[in-house]
Each structure stands twice: as C-alpha cells, then as structure tokens.
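Chemist: These protein sequence lines map, in sequence, to chains E and H. Heads up, the first sequence is in this note's numbering, so the first residue is 1 and it goes up one at a time. Heads up, the second sequence is in this note's numbering, so the first residue is 1001 and it goes up one at a time. We treat Cβ as the ideally placed atom computed from N, Cα and C, and that holds for glycine. Predicted model, so just to flag it, every value in this text is computed and none were measured. So that we are looking at the same thing, I have put the structure below in structure tokens.
There are 2 protein chains.
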Amino acid sequence: MIIDRLFDAVEKCGPVCVGLDTSPKLLPQVLAAEPAIPSAILEFNRRIIDATVDLVSCYKVQIAHYESLGVEGLSCYRDTIRYARGKGTIVIGDIKRGDIASTGEMYAQAHFSGDFETDFVTLNPYVGSDAITPFLPYLEQKEKGVFILIRTSNISAEDFQDLHCINQPLFMHVARRVSEWGKDYRGSHGYSLIGGVVGATGSQELAMIRRSFPGLFLLIPGYGAQGAGGQEVSKAFIHGNGALINASRSILGAHKNRADADRRFDDYAREATLRMKKDIRQWTR
Amino acid sequence: MIIDRLFDAVEKCGPVCVGLDTSPKLLPQVLAAEPAIPSAILEFNRRIIDATVDLVSCYKVQIAHYESLGVEGLSCYRDTIRYARGKGTIVIGDIKRGDIASTGEMYAQAHFSGDFETDFVTLNPYVGSDAITPFLPYLEQKEKGVFILIRTSNISAEDFQDLHCINQPLFMHVARRVSEWGKDYRGSHGYSLIGGVVGATGSQELAMIRRSFPGLFLLIPGYGAQGAGGQEVSKAFIHGNGALINASRSILGAHKNRADADRRFDDYAREATLRMKKDIRQWTR
C-alpha cells in the first residue's frame, strides 16, 4: 500500500519532501543560458534528484511551473516525474485540481495514468466530496493516494478557511470530512491513502488538526522560504512520522550567490537538504 | 474591455456558451476510429466551432478532458483555443486553478499568455484572495477576465459551500468577496472583469446571488445534460444579459443515435444550439 511505503520512507530517510517548483529564475547561469528552457529545467531537476534521492522520502512536483511553459513545459513535467519514479522514489503531483463528475474523472485519469502519472496528487475540496470520488477507484488498488487542501499557509487563507461555520472554522469541517472519506483506506500504520495539506505557518491550526485527526498523513508546505522552521513543523508529527515537510526554493536555490554555482548547484541542494533534516530532527527527537 | 465585448456578444447572439468538453466518447464513429485521438478531437472541435460560431457568444474549453490525454491532449487544447480565438470569438479556459504566491503567478502566466492563452479563466477560491491576486496585473490591461467558483451545480456542493458561516452560507461569503474584488474592474455596462460560476441546478441559490450582486457576470453550467432547463437558468439574467449559459454534452453529443452522425454531427450540434437558444429566450423575454 503506497501510504505504508511512504511511512517506511519517512522512517528511513526522514520527512523531507523536495518541491520541484523549478522556475527559470532558480536555474544557475549555465543552464539559464540554454536556448530551450524546458530542457534546461529537466537537466536541473535530474541533477537535483540525483543529489538528494538518498536523503529524502519523496518529491513534490508543482505542475503550475511547467504549465506556464506550455506544451513543452508539460513534456518536461512528464519527464521529471518519470525520472524520479524511475529512481524508485515516491512522487506527489501538486496539481490542486478539484472538479465534478466526468471532469473529475478526467483529472483522475490524467494524473493517475498515462503521461502525468504520479503516486499521490493534491486536490482542492471546494466542490465537496465530488472532488474526491473520481479518484477512489484508483485508491481501491492501494497504490495511489491523495492529499486534500485543509488549511493553506498563505495569509488570505483566512478569507474562507477560517470562517466560523457552526462553531468551528471551515478548515476543521474540511479536515473532518477528509478524515471520514479516508476511513476505509487505512494502511498498516493507521494512516489513510487520503491525507491533508496543512500549511506550516499557522502552527496553532496545525497542532489542532494533528491532535484531532491522528489518521491523516499531512503534507506541510511552507518550510524555509515561506518562513516556518523546524519548531513550527514539529507539531505535525506523531513519533517522528505521519507528515511530510516540503521545501522548494530553499533547496533548489541554495546555489544562489555562490561562485561555483554552475558546477556545484546540486551539491548545494544536498547540503541544504541535510541542514533541513538536522533542523527538523532536533525538534522531533 | 473584454467584459463589454462579452456583453455585446450576448446582446447580439444570446447567452449560449458551447462547452468543448470533448471526451472521446462524444466523437462520431468515423472520428473515433482515427488512430490519433487528440487530432480526431481537434477535427471534431473545429467542425463544431464552424457550425455554431455565428449562434453563440463564446466557447468554454474544459482543460481536464485534454489533460487526460497527456502532452498530446494539451497540444489539442492549445490548437482548439487558437482556432476558436482565430474566429474572433471569446474563449473561456475552464481550468478551475487556485493557488498562492509564485504558483498562482505561474498559473496566470500559463493561461493568460503563451500556448494556453484564453480570454477568461475559471478559478477556485478556497485559498482566498491569493488565488485571484496573481491574475490582477492581466486584468489591469482590461482584455482578460476571470470567473470564480461560487456555488457549483453538483449535489456534494452542500458539503462546504452551503455550510452556515456567521448567518450566511459559505457561498454567499465567497460571492460577496468576489464582488468586492471586482469593484475596480467594471466595464461600461456595470459588469466586472471578475465574475462568478453558479450552477443552474440550485435555482434558489442562483436567484439569491443574482439579486444580491448585480455587478457579477455569471457563468452558469448545468444546462441540458446536468438537468436544468430554460426556466431554471432564466433567474441568472438582468434584461437578458449578465450571464452565460453553458451546455456541453447536449450540443456535442446531439448526433448520438443518428444514422448520418458521421457526416452531419456538426449540423446536429447547430440544431441543438438553436433549440437551446429558443428554450432560454422563451423564459427571458
């Protein structure tokens, strides 16, 4: 079951998830100067994966960064996830889709088979359970899972997610439904194939969700460039597992302002990953 | 300003928006038998556009149906929107994206420039105003607009959208914020470049939103195959304008069970469009 594989990966390598949100701005000069940006990004991603794959539990690939480069960018998305999965690691497609009926089915097909197949995807719950239903037939096979947005890490999350709805903020209603949807899809460590995305910057909210819903595996963005550190994210864990901590820019861009960035950007990414693991470990052990 | 162009198109051609949710199942046999499905879909879309472009105000292209066919499918999405825009008609990219910060910027760039450029896109508001902010620089230029999900047409919309939050259902909070975000982007008929998506199947909700927020141009899915008819959608209009009524399967699939479907699928689409216009007109005049 893929959620058990993820649990084992966190046991073995720790909870760091590298976010391949590779914008052209993050490329070292030598790659930024190449004529075709999508192939430069693919080369960059491959070297980042090679330099970190033994240190991390998985990769999250943010599709928006590839979509912004059109059809060629999406070829690079396809090739990046294939490369990472070819290394035997787990890949999360950060797609945040959420649509109903036949449209939802098309998104499930798009991201759980064919060119863009990943192991997990992120989903947006606004349309209700219909956003999830089309993905369930894939979850039945036990080798696919989803992370549903619960409480995001941005300031305007409060616009709707924090609204008080019948004595609880909206995000707690969402967390409760996500937890209910997931109850028939639990792996051997109690975690469900249906997990949640919770931002690290709202650490009280994170603690409340963690306490209330121990069966949810949590995907936590917001570490590093977005401001949260090891202490904030430590609230996501149960005995050092049950959560992934994603970092993107702080790892991919670790080579910035280094004289030998062109040659050694992957070494700097590796060093940043090791620092991040250490930072998290000191708050969880 | 694009919202004025849309208003004028509805004045001239009526509120029908053809949804190019072209799944392989909707192709007539002769096209379904072609070896490359994406190119068969493109051929189908071109003929549907040619057969209806003088009758309708715009097209909505549902990206999920193309994404499900991988990189080749997205080439077909690109070529479909280019073909329609090349005819001088307005195109809505039904993408329902919604993400924050640099990721949101990437989605804005992806769908308001380059391969996938359309005139309007649909957005999901769950992450709050950050879902919209990255699109505003494009709206400042006045030739782009957005439709934000307010109340969807599916049954499980009630899971979250109908929750009572401080005396009002969540979707009314969303509608109010959408209306506020749009107040600086109004065209000469009072409608904003920031509109809303409201399902036709919840016709009380539709009436409530229409009454409370007269400056919102509304995009209404759910006509035809999803169950709503001319009477239900009539509540969306102010003097016959201010709303688009989308139909997909009832137009694209009008050739089903016809002996001459292979040759005349576009004629059947045209007839279905004319019937739909008549049905809506009888309830709005």
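On the DSSP bridge list, what partners appear for proline 169 of chain E?
Modeler: Per DSSP, E/His164.
Chemist: By the criterion of Cβ-Cβ separation under 9 Å, what are the contact partners of histidine 173 of chain E in chain H?
Modeler: Asp1159, Phe1160 and Leu1163, listed in chain order.
Chemist: Is there a Cβ from chain H that is less than 8 Å from the Cβ of threonine 118 of chain E?
Modeler: Chain H, which has no Cβ nearer than 8 Å to the Cβ of threonine 118 of chain E, makes this no.
Chemist: To the nearest angstrom, how far is the alpha carbon of tyrosine 1077 of chain H from that of glycine 230 of chain E?
Modeler: So the two alpha carbons sit approximately 43 Å from each other.
Chemist: If you follow the alpha helix (DSSP H) that threonine 1273 of chain H is part of, which residue opens it and which one closes it?
Modeler: Residues 1261-1284.
Chemist: Ordered along the chain, which non-local residues of its own chain (more than five positions away) have a Cβ less than 6 Å from that of aspartate 1162 of chain H?
Modeler: So the list reads Pro1169, once near-sequence residues are dropped.
Chemist: Of the choices E/Gly224, E/Val121, E/Asp184 and E/His173, whose alpha-carbon is the least far from that of glutamate 1158 of chain H?
Modeler: Answer by Cα proximity: E/His173.
Chemist: So is serine 1212 of chain H in contact with chain E if we call contact Cβ pairs under 8 Å?
Modeler: So, not an interface residue.
Chemist: Is there at least one Cβ from chain E nearer than 8 Å to valine 1091 of chain H's Cβ?
Modeler: No, its Cβ sits nowhere closer than 8 Å to a Cβ of chain E.
Chemist: Going along the chain, which residues of its own chain have a beta-carbon closer than 7 Å to the beta-carbon of threonine 1080 of chain H, five neighbours each way excluded?
Modeler: So the list reads Leu1020, Leu1042, Asn1045 and Val1061, once near-sequence residues are dropped.
Chemist: Would you say glycine 86 of chain E reaches chain H, if we count a Cβ-Cβ gap shorter than 8 Å as a contact?
Modeler: Cβ-Cβ to chain H under 8 Å: no for glycine 86 of chain E.
Chemist: Would DSSP call arginine 1186 of chain H helix, strand or coil?
Modeler: Arginine 1186 of chain H: strand per DSSP, three-state reduction.
Chemist: Between asparagine 246 of chain E and arginine 1275 of chain H, what straight-line distance do the alpha-carbon atoms span, to the nearest angstrom?
Modeler: When rounded, the distance between both Cα atoms is 52 Å.
Chemist: Between the beta-carbon of lysine 25 of chain E and the beta-carbon of aspartate 1099 of chain H, is there less than 8 Å?
Modeler: The answer is no: Cβ separation not under 8 Å.
Chemist: Roughly how many whole angstroms lie between the Cα atoms of glycine 70 of chain E and glutamate 1034 of chain H?
Modeler: Answer to the nearest angstrom: the Cα atoms are 26 Å apart.
Chemist: Give me the Cβ distance between alanine 200 of chain E and valine 178 of chain E, rounded to the nearest whole Å; I'm assuming they're in contact under 8 Å.
Modeler: About 18 Å separates the two Cβ atoms, so there is no contact after all.
Chemist: Taking three-plus beta-carbon pairs below 8 Å as touching, is the stretch 1081-1089 of chain H in contact with the stretch 118-127 of chain E?
Modeler: No: fewer than three Cβ pairs fall under 8 Å.
Chemist: Which residue from E/Gly222, E/Ala228, E/Thr22 and E/Trp181 puts its Cα closest to that of glycine 215 of chain E?
Modeler: Nearest option by C-alpha distance: E/Trp181.
Chemist: According to DSSP, simplified to helix, strand and coil, what is glycine 1230 of chain H?
Modeler: Note: glycine 1230 of chain H maps to helix in three-state DSSP.
Chemist: With the cut-off set at 8 Å, would you say alanine 1175 of chain H and glycine 1196 of chain H are in Cβ contact?
Modeler: Cβ distance < 8 Å, so alanine 1175 of chain H and glycine 1196 of chain H count as in contact.
Chemist: What are the uninterrupted segments assigned as alpha helix (DSSP H) that are 4 or more residues long and contained completely in the stretch 41-67 of chain E, given in chain order?
Modeler: Runs of the alpha helix (DSSP H) inside the stretch 41-67 of chain E: 63-67.
Chemist: Counting contacts by CB-CB distance shorter than 8 Å, is arginine 78 of chain E in contact with chain H?
Modeler: Yes, contact with chain H.
Chemist: Check whether the Cβ of leucine 1069 of chain H lies closer than 7 Å to any heavy atom of the ligand GDP, and answer yes or no.
Modeler: Among the ligands in the structure shown, none appear at all, so the ligand GDP cannot be discussed.
Chemist: Would you list, in chain order, the members of the stretch 1187-1200 of chain H that have their beta-carbon closer than 8 Å to a beta-carbon of chain E?
Modeler: If the cut-off is 8 Å between Cβ atoms, the stretch 1187-1200 of chain H has nothing near chain E.
Chemist: Quick one: is methionine 1208 of chain H near chain E, going by C-beta distance under 8 Å?
Modeler: Not closer than 8 Å to any Cβ of chain E, the Cβ of methionine 1208 of chain H fails to qualify, so no.
Chemist: Use the C-beta contact count for glutamate 140 of chain E: other C-beta atoms within 10 angstroms, 16 or more gives buried, fewer gives exposed.
Modeler: It is exposed - the Cβ of glutamate 140 of chain E has fewer than 16 other Cβ atoms within 10 Å.
Chemist: Report the neighbours of serine 1023 of chain H on chain E: residues whose CB is nearer than 8 Å to its CB, in chain order.
Modeler: Simply Ser102 and Met106.
Chemist: Is there a Cβ of chain A sitting closer than 8 Å to that of isoleucine 37 of chain E, yes or no?
Modeler: Of the protein chains in this structure, namely E and H, none is chain A.
Chemist: Could you please tell me which residues of the stretch 135-155 of chain E, in chain order, have their CB closer than 8 Å to any CB of chain H?
Modeler: Listed by position, the residues of the stretch 135-155 of chain E near chain H (Cβ gap below 8 Å) are Leu149, Thr152, Ser153, Asn154 and Ile155.
Chemist: Return the CA-CA distance between serine 57 of chain E and isoleucine 194 of chain E, expressed in angstroms with no decimal places.
Modeler: Taking the straight line from one Cα to the other gives about 18 Å.
Chemist: Quick one: does leucine 1074 of chain H have its CB under 8 Å from some CB of chain E?
Modeler: With 8 Å as the cut-off, leucine 1074 of chain H counts as an interface residue toward chain E.
Chemist: Nearest to histidine 1239 of chain H by alpha carbon, out of H/Ala1272, H/His1189, H/Asn1154 and H/Ala1108?
Modeler: Selected option, being the one with the closest Cα: H/His1189.
Chemist: Using the DSSP secondary-structure output, state which residues sit across from arginine 1249 of chain H in a beta bridge.
Modeler: Paired residues: none, contrary to the question.
Chemist: Between which two residues does the alpha helix (DSSP H) containing threonine 152 of chain E stretch?
Modeler: Per DSSP, threonine 152 of chain E belongs to no alpha helix (DSSP H) and is neither H nor E.
Chemist: Going straight from the alpha carbon of threonine 273 of chain E to that of valine 16 of chain E, what length do you get?
Modeler: Computed Cα separation, rounded: 8 Å.
Chemist: I think tyrosine 126 of chain E touches leucine 1149 of chain H, with their Cβ atoms under 8 Å apart; what is that distance to the nearest whole Å?
Modeler: Right, the Cβ-Cβ distance comes to about 6 Å (below 8 Å), so this counts as a contact.
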